[in-house]
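Written out below as structure tokens is the structure these notes cover.
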Amino acid sequence: MSSRRAIESAKQVLALCSATDPWFPKPSQATVLAWAEHIDRTNFARDELLEAVRTFYSAGGDCRPRPGDIINAAKSTRNDRFMRQPLEAIYAHRDAIDERLAGRIEETADTLSLDRAIETKYRRPDMNPLTVPCPYDGCRAIPGKRCTSARQPMNGYHPTRIDAAKAGRHLPPGGTA
Ligand SMILES: [Zn+2]
8 MSSRRAIESA KQVLALCSAT DPWFPKPSQA TVLAWAEHID RTNFARDELL EAVRTFYSAG
68 GDCRPRPGDI INAAKSTRND RFMRQPLEAI YAHRDAIDER LAGRIEETAD TLSLDRAIET
128 KYRRPDMNPL TVPCPYDGCR AIPGKRCTSA RQPMNGYHPT RIDAAKAGRH LPPGGTA
């Protein structure tokens, strides 16, 4: 059974389709419920779905939208919006994903008792270069800002900054890390 939220969204989405397209069939309760099931599989807010209906009809074409068309339109709008954010926000998002992945890879390696030596590059970072300024002359990024090369944000960090971060981190008791 679909959520109340999804059913209400489905009603409004279908109502907007009808309002936009006079030939759109009047939706039956079964149609509303079927659309709600698709909507429930996503986390789109009602406004995003209504905007997706507008996007769909703005694009033209001669077919009636089906649930997948509206969901795809909502996805691409969300993606566009994401890509228009300042680069820093995009990088922060990617860093968060990288960190989650690194954590998962390490856990999997633990479970499988893989040799540390072959996965050192995937180790969960125990220091964060973002917490220290970059000492590299051509960069000098302040804490919290990514390293830049020729004014473009880099994917990694200058080696001297990584060294600085390593020097600044706290070693585990008795550990040599
Ligand atoms: Zn740097």
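Residue numbering for the sequence shown follows my numbering, beginning at 8 and increasing consecutively.
Glycine is no exception: its CB is placed at the ideal position from the N, C-alpha and C atoms.
Taking a C-beta distance under 8 Å as the contact criterion, T84 and T62 qualify as a contact pair. Secondary structure at T115: helix, using DSSP grouped into helix, strand and coil.
Annotation for G145: S156 place their beta carbon closer than 8 Å to its own, counting only its chain and skipping 5 residues before and after. In this structure P136 touches I169 by the C-beta definition: roughly 5 Å separates them, less than 8 Å.
A direct Cα-to-Cα measurement between E114 and D105 gives close to 14 Å. Under DSSP, the beta-bridge partners assigned to Q159 are S156. A straight line joining the alpha-carbon of S65 with that of P142 spans about 51 Å. Where Q36 is concerned, the enclosing alpha helix (DSSP H) starts and stops at Q36 to D47. DSSP places A52 outside any alpha helix (DSSP H), giving it a letter other than H or E.
Of the candidates G67, P74, A22 and F31, the residue whose Cα lies closest to the Cα of A43 is P74. Using a Cβ distance threshold of 8 Å, I46 and A13 count as a contacting pair.
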